[in-house]
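Student: In this note's numbering, the protein residues as written are 20 to 753.
We treat Cβ as the ideally placed atom computed from N, Cα and C, and that holds for glycine.
Just passing along the structure, written as structure tokens.
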Amino acid sequence: MRRGFGEKLGLPGALGPLPLAPLAPEYGKLTEGQRAAGLRYAGEALTDPQERADGSAFLSVLDGVALCTPRRRRLVDEAALLGRADARPAHAPVLRLLAAIRRQDPALLRRVLLYQLLPLARQGATDLGIDPAELALLAKASRALPALDDRQRTAAESLAPLWSRRRLRACAHAVTTLGPDVLRADPWLGSLDARLRRRLDRCDRELAAARTAAPTDPAGAEAGYLRVLAVTSDDDEAVRGLIRLGTVPASEDAPLTTRPVEGGRMALAWPARPGTRWRVLRDGPGLDRATPVPGTGGTATTAVDADPPVGFRVRYAAFPVEDGRPTGVPLVSHPLLVAPDAEEAALEDGPARIAVRWRRPRTATATLLALTGPGGLTLRHTADRAEEHVFTDLEPGFYQVTLTARHPSPVEGTVDAPGILRTATVHPWPRALTALTADAGPEEGVRFTGQGGEGAEVRLVVWPEGAVPAPGTELRADALPAPLPWARYGDPVPTAPAAAFAGLVSAVTVLGERALAGPGVRLDVPGPIGPPRTVREPGGQVRLVFDWPSGAGAVTAAWPGGELRISRSAYVREGLRLPLGTGPSHVTLRPHVPQDGVGTRAGGAVVGVRRTPVAVDVPGETVVRYRLLTRRRGLQRRVPHAVEVRAEGHDPAVPLPELVLVHRASVRPRHAEDGTVLLRIDGASLARTPHQTLELPPVPDLSRPPYALRAFLLGDGAGAVRLEEPALTTLVVR
Numbered sequence: 020m021r022r023g024f025g026e027k028l029g030l031p032g033a034l035g036p037l038p039l040a041p042l043a044p045e046y047g048k049l050t051e052g053q054r055a056a057g058l059r060y061a062g063e064a065l066t067d068p069q070e071r072a073d074g075s076a077f078l079s080v081l082d083g084v085a086l087c088t089p090r091r092r093r094l095v096d097e098a099a100l101l102g103r104a105d106a107r108p109a110h111a112p113v114l115r116l117l118a119a120i121r122r123q124d125p126a127l128l129r130r131v132l133l134y135q136l137l138p139l140a141r142q143g144a145t146d147l148g149i150d151p152a153e154l155a156l157l158a159k160a161s162r163a164l165p166a167l168d169d170r171q172r173t174a175a176e177s178l179a180p181l182w183s184r185r186r187l188r189a190c191a192h193a194v195t196t197l198g199p200d201v202l203r204a205d206p207w208l209g210s211l212d213a214r215l216r217r218r219l220d221r222c223d224r225e226l227a228a229a230r231t232a233a234p235t236d237p238a239g240a241e242a243g244y245l246r247v248l249a250v251t252s253d254d255d256e257a258v259r260g261l262i263r264l265g266t267v268p269a270s271e272d273a274p275l276t277t278r279p280v281e282g283g284r285m286a287l288a289w290p291a292r293p294g295t296r297w298r299v300l301r302d303g304p305g306l307d308r309a310t311p312v313p314g315t316g317g318t319a320t321t322a323v324d325a326d327p328p329v330g331f332r333v334r335y336a337a338f339p340v341e342d343g344r345p346t347g348v349p350l351v352s353h354p355l356l357v358a359p360d361a362e363e364a365a366l367e368d369g370p371a372r373i374a375v376r377w378r379r380p381r382t383a384t385a386t387l388l389a390l391t392g393p394g395g396l397t398l399r400h401t402a403d404r405a406e407e408h409v410f411t412d413l414e415p416g417f418y419q420v421t422l423t424a425r426h427p428s429p430v431e432g433t434v435d436a437p438g439i440l441r442t443a444t445v446h447p448w449p450r451a452l453t454a455l456t457a458d459a460g461p462e463e464g465v466r467f468t469g470q471g472g473e474g475a476e477v478r479l480v481v482w483p484e485g486a487v488p489a490p491g492t493e494l495r496a497d498a499l500p501a502p503l504p505w506a507r508y509g510d511p512v513p514t515a516p517a518a519a520f521a522g523l524v525s526a527v528t529v530l531g532e533r534a535l536a537g538p539g540v541r542l543d544v545p546g547p548i549g550p551p552r553t554v555r556e557p558g559g560q561v562r563l564v565f566d567w568p569s570g571a572g573a574v575t576a577a578w579p580g581g582e583l584r585i586s587r588s589a590y591v592r593e594g595l596r597l598p599l600g601t602g603p604s605h606v607t608l609r610p611h612v613p614q615d616g617v618g619t620r621a622g623g624a625v626v627g628v629r630r631t632p633v634a635v636d637v638p639g640e641t642v643v644r645y646r647l648l649t650r651r652r653g654l655q656r657r658v659p660h661a662v663e664v665r666a667e668g669h670d671p672a673v674p675l676p677e678l679v680l681v682h683r684a685s686v687r688p689r690h691a692e693d694g695t696v697l698l699r700i701d702g703a704s705l706a707r708t709p710h711q712t713l714e715l716p717p718v719p720d721l722s723r724p725p726y727a728l729r730a731f732l733l734g735d736g737a738g739a740v741r742l743e744e745p746a747l748t749t750l751v752v753r
């Protein structure tokens, strides 16, 4: 069996000084890999869980790093670490980092593992894959060491990365955080502290000399500051000293220009130098140190600072760099107050008002608005979180609005942005119409009157369905529908459309290019009735024929001694017949809207408008009778040879229609064109000689039965004259 570690030397002599800092630049990546792999410390990646459980293999760290079995002890070198990385993919990232640490310094691998094991041993952790005797010794030794808190542990782990990047000022801060007890307990840290102090002492002497030389020997001061930065790249005094050397008077143009852009960002630009790489820093009163602008570090000569410190007066400096080190005095901008202005500001005028809308910068605590206008008018408003405000009770005229964003400032308490100016003109607007009335009188048409709208033109329009604006809505005159040609506001004479109308008539007041929507009223206006025609029927009945007026629900026919109301469906189905008798009469036809009478529907929603009635004079009944005169031909047959015509009851001043006698073989003619015309009697001739007998022309067809004859009335007035025909048997010849 292997003897206990250090049994001859005693514990202090055997262990030697234990590490209180890893001092490995790769330590940050190592801890990330450990967390991803679920390891408590990096050494767990070297041993197999099964081997740890049965004790067949364990890790030794006190006398170098070795893998041990009951019969063999093998030092862990770089080849062993890489071989295990290939064999264990899950732990490969951790093992390769351990190999890189050992390649850098063989003793550094043991230091890193001991640094991670000490707090675990102090906490009494087990099953770590460490020789139990060594783990017990580490637990005992750890109790004699200073315990690092989280702040000290972070400082200890940052030392190597900071040193590798020559950030000696940050290293000094980390060493101060560790404290003298830790430095005494770890000689490596004490040695690092000593080297650090020597280098920083030399830098401090260089800084003092550069400060002294700066007013009279800028070149010497520049060289001194650059020597300091070559040793400690994060020396803020050297950086700021170079910035002071590159600063130009406010009266001159700065080589580095700045320009605020949208979103509170800052656009930077400076002259190009081919092949030069740049690093841009920002500095200013109240800032702890000059800090790099993210995204810079290449050869580009433009940059955007996406998150400048709001509330500070910032100066930007573009340093020429080589291998990450400044090589000369930077190009410096003039100081600029970082206070973003409001964005997307827009002004919209309305009746006696200006509405202001903007987008407040995310860092602003308030927005100040100042409005100036005619006659020296000045109005002010402070909007804390809002992004809109309306100035009211304004006279027409030209106005200016200044918007100033206010930001908190760690240096000055609050600072105001430069401010943006917007202009607008308050135009004269029409007065709104407060009421609209449609008065449908007893005769045709409607009169429109209302209240309000003084000094403005009132137009009556019809809006598209579903697009009727609410009363008081602000509109543009050029976007209004065309005015109704038949509807006139304030006209004492009633008016009506030429065709049917049913809908909402809306009022709009207009003044120049601006308009205000007003109230509306719904109308039902039936279409006019076309000229009617009358047809006499037997028994004193008169049939009236006309085109049904569109939009009408009913038509009333009135005559002396009677009135009849008929619906559209009844008219289409049965027609309109009136019992006027045989004498002359006068009939008027009036259309009606679907509701009963003239007035409003239920709820007062719709106004029905009358139409002027259409009149037609019905002359007295005129009867035209005819009969065929026959004579015997041959032994039995009687054939027609003449026609006798009588006209009775007609007005001599009114022309009679023409009478035609039509012949057709086999069947009875149905109308005047359904056969051959044998005879015509002119209406004027019939009116002069009401009783006539005319011989039929000698047509061969009349001697060849069977055939039928029939008379028809043609021309104007034919519907007002009743044609009385003889018996059918006398008209058919067989």
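With distance defined between alpha-carbon atoms, name the residue in Val-637, Asp-96 and Asp-272 nearest to Pro-124.
Tutor: As a working mapping, residue 124 is identified with position 105 in the sequence shown. The sequence given here has Asp at residue 124, not Pro. The option with the nearest alpha carbon to Asp-124 is Asp-96.
Student: On the premise that Ala-727 lies in contact with Leu-750, defined as a C-beta separation below 8 Å, what is that separation, rounded to the nearest angstrom?
Tutor: Looking up residue 750 in the sequence shown gives position 731. Looking up residue 727 in the sequence shown gives position 708. Confirmed, about 6 Å.
Student: For His-669, name the three-state secondary structure that DSSP assigns.
Tutor: Looking up residue 669 in the sequence shown gives position 650. His-669: coil per DSSP, three-state reduction.
Student: Return yes when the Cβ of Arg-246 is within less than 8 Å of the Cβ of Glu-225, no when it is not.
Tutor: In the sequence shown, the residue the question calls residue 225 occupies position 206. In the sequence shown, the residue the question calls residue 246 occupies position 227. Yes.
Student: In this structure, how does DSSP classify Arg-141 when only helix, strand and coil are distinguished?
Tutor: On the sequence shown, position 122 is the one that residue 141 refers to. In this structure, Arg-141 counts as helix in the three-state DSSP scheme.
Student: Taking contact to mean 3 or more Cβ pairs, one atom from each stretch, closer than 8 Å, check whether the region 412-428 and the region 500-509 are in contact.
Tutor: At 8 Å Cβ cutoff, the stretches do not touch.
Student: Round the Cβ separation of Ala-288 and Thr-321 to the nearest angstrom and send it over; I've been treating them as touching at under 8 Å.
Tutor: Locating residue 288 in the sequence shown gives position 269, where the first residue counts as 1. Locating residue 321 in the sequence shown gives position 302, where the first residue counts as 1. The pair is a contact, with the Cβ atoms about 5 Å apart (cut-off 8 Å).
Student: Going by C-alpha to C-alpha distance, which of Pro-359, Glu-256, Leu-366 and Ala-661 sits closest to Thr-310?
Tutor: Counting from one through the sequence shown, the residue named residue 310 turns up at place 291. It is Glu-256.
Student: Check whether the Cβ atoms of Ala-536 and Thr-492 sit closer than 8 Å, and answer yes or no.
Tutor: Residue mapping note: residue 536 aligns to position 517 of the sequence shown, counting from 1. Residue mapping note: residue 492 aligns to position 473 of the sequence shown, counting from 1. Cβ atoms of Ala-536 and Thr-492: closer than 8 Å.
Student: Return yes when the Cβ of Gly-668 is within less than 8 Å of the Cβ of Gly-702, no when it is not.
Tutor: Walking along the sequence shown from the start, residue 702 turns up at place 683. Walking along the sequence shown from the start, residue 668 turns up at place 649. Contact flag unset, no.
Student: Ile-262 and Ala-189: beta carbons closer than 8 Å?
Tutor: In the sequence shown, counting from the first residue as 1, residue 262 sits at position 243. In the sequence shown, counting from the first residue as 1, residue 189 sits at position 170. Contact: no.
Student: What are the boundary residues of the alpha helix (DSSP H) that includes Val-115?
Tutor: As a first step, residue 115 must be located in the sequence shown, where it is residue number 96. In the sequence under discussion, the amino acid at residue 115 is Arg, which differs from the Val named in the question. Unbroken alpha helix (DSSP H) run through Arg-115: 111-123.
Student: Could you work out which residue in Leu-219, Leu-264 and Ala-227 is closest to Ala-238 when comparing CA atoms only?
Tutor: Position 219 of the sequence shown, counting from 1, holds the residue named residue 238. For Ala-238, the nearest C-alpha among the options comes from Leu-264.
Student: Rounded to whole angstroms, what's the CA-CA distance from Arg-278 to Arg-301? Just pull it up for me.
Tutor: Within the sequence shown, the letter at position 259 stands for residue 278. Within the sequence shown, the letter at position 282 stands for residue 301. Between Arg-278 and Arg-301, the C-alpha separation is close to 14 Å.
Student: Can you tell me where the beta strand (DSSP E) with Gly-522 in it begins and where it stops?
Tutor: Translated into the one-based positions of the sequence shown, residue 522 becomes position 503. Per DSSP, Gly-522 belongs to the beta strand (DSSP E) from 520-530.
Student: Can you confirm whether the region 134-154 touches the region 42-60 when touching is taken to mean that 3 or more C-beta pairs between the two stretches lie within less than 8 Å?
Tutor: Yes: the two stretches touch, three or more of their Cβ pairs being nearer than 8 Å.
Student: Let me know if Arg-707 comes out buried or exposed under the rule of 16 or more other beta-carbons within 10 Å of its beta-carbon.
Tutor: Your numbering for residue 707 matches position 688 in the sequence shown. The residue in question, Arg-707, is exposed, as its Cβ has fewer than 16 Cβ neighbours within 10 Å.
Student: Quick test of your reading: Arg-609 and Thr-575, contact by CB under 8 Å. State the CB separation rounded to the nearest angstrom.
Tutor: Translated into the one-based positions of the sequence shown, residue 609 becomes position 590. Translated into the one-based positions of the sequence shown, residue 575 becomes position 556. With 8 Å as the limit, Arg-609 and Thr-575 qualify as a contact, their Cβ atoms being about 5 Å apart.
Student: Which partner residues does Val-662 have in the DSSP bridge list?
Tutor: For the purposes of this step, residue 662 is taken as the residue at position 643 of the sequence shown. Val-662 is bridged to Leu-647 and Leu-713.
Student: What are the boundary residues of the alpha helix (DSSP H) that includes Tyr-590?
Tutor: Here residue 590 is taken as the residue at index 571 of the sequence shown, counted from 1. Here the alpha helix (DSSP H) through Tyr-590 covers 587-593.
Student: Ends of the alpha helix (DSSP H) at Pro-206?
Tutor: Taking the sequence shown and counting its residues from 1, the one referred to as residue 206 is at position 187. 206-232 is the extent of the alpha helix (DSSP H) around Pro-206.
Student: Does the Cβ of Gln-142 have 16 or more other Cβ atoms within 10 Å, making it buried, or fewer, making it exposed?
Tutor: For the purposes of this step, residue 142 is identified with residue 123 of the sequence shown, where counting begins at 1. It counts as exposed.
Student: On a Cα-Cα basis, can you pick out the residue from Gly-736, Ser-685 and Val-628 that is closest to Arg-753?
Tutor: For the purposes of this step, residue 753 is identified with residue 734 of the sequence shown, where counting begins at 1. Looking at the Cα atoms, Ser-685 is the closest of the given residues.
Student: Strictly by DSSP, which residues pair up with Gly-549?
Tutor: As a first step, residue 549 is located in the sequence shown; it is residue number 530 there, counting from the start. DSSP, once it has assigned bridges, lists no residue as partnering Gly-549.
Student: Just grab the DSSP bridge partners of Arg-746 for me.
Tutor: Numbered from its first residue, the sequence shown carries residue 746 at position 727. In the sequence on display, residue 746 carries Ala and not Arg. None; Ala-746 has no bridge partner.
Student: Do the region 536-547 and the region 575-590 make contact, defined as three or more Cβ pairs closer than 8 Å?
Tutor: No: the two stretches stay apart, fewer than three of their Cβ pairs being nearer than 8 Å.
Student: Assuming Leu-42 and Ala-160 are in contact, meaning their beta carbons sit under 8 Å apart, how far apart are those beta carbons, in whole angstroms?
Tutor: Against the sequence shown, residue 42 aligns to sequence position 23. Against the sequence shown, residue 160 aligns to sequence position 141. The pair is not a contact, with the Cβ atoms about 19 Å apart (cut-off 8 Å).
Student: State the start and end residues of the unbroken beta strand (DSSP E) segment that holds Val-626.
Tutor: Position 607 of the sequence shown, counted from the first residue, corresponds to residue 626. Where Val-626 is concerned, the enclosing beta strand (DSSP E) stretches over 625-627.
Student: Is it the case that the Cβ atoms of Arg-129 and Val-201 are separated by a distance below 8 Å?
Tutor: One-based indexing of the sequence shown puts residue 129 at position 110. One-based indexing of the sequence shown puts residue 201 at position 182. Cβ atoms of Arg-129 and Val-201: not closer than 8 Å.
Student: Measuring CB atoms only, is the region 467-477 touching the region 442-456, in the sense that at least three cross pairs come out at less than 8 Å?
Tutor: The region 467-477, when compared against the region 442-456, does touch it at the 8 Å Cβ threshold.
Student: Does the distance from the C-beta atom of Arg-379 to that of Ala-424 stay below 8 Å?
Tutor: Mapped onto the sequence shown, residue 379 falls at position 360. Mapped onto the sequence shown, residue 424 falls at position 405. Yes, the pair counts as a contact, with Cβ atoms nearer than the cut-off.
Student: Under the rule that 16 or more other beta-carbon atoms within 10 Å means buried, what is Gln-53, buried or exposed?
Tutor: As a working mapping, residue 53 is identified with position 34 in the sequence shown. Answer is buried; the Cβ neighbour count reaches 16.
Student: Using the Cα positions of Asp-169 and Asp-326, report the straight-line distance between them to the nearest angstrom.
Tutor: For the purposes of this step, residue 169 is taken as the residue at position 150 of the sequence shown. For the purposes of this step, residue 326 is taken as the residue at position 307 of the sequence shown. Going from the Cα of Asp-169 to the Cα of Asp-326 covers about 30 Å.
Student: Quick check on the burial criterion: 16 or more other C-beta atoms within 10 angstroms. Buried or exposed for Thr-397?
Tutor: By 1-based counting over the sequence shown, the position of residue 397 is 378. Exposed.
Student: If we count the other Cβ atoms within 10 Å of its Cβ and call it buried at 16 or more, is Asp-105 buried or exposed?
Tutor: Your numbering for residue 105 matches position 86 in the sequence shown. Under this definition Asp-105 is an exposed residue.
Student: Could you name the residues of the same chain whose beta carbon sits closer than 6 Å to that of Arg-699, not counting the 5 residues immediately before and after it, in chain order?
Tutor: Within the sequence shown, numbered from 1, the residue matching residue 699 stands at position 680. Taken in chain order, the residues that qualify are Val-679.
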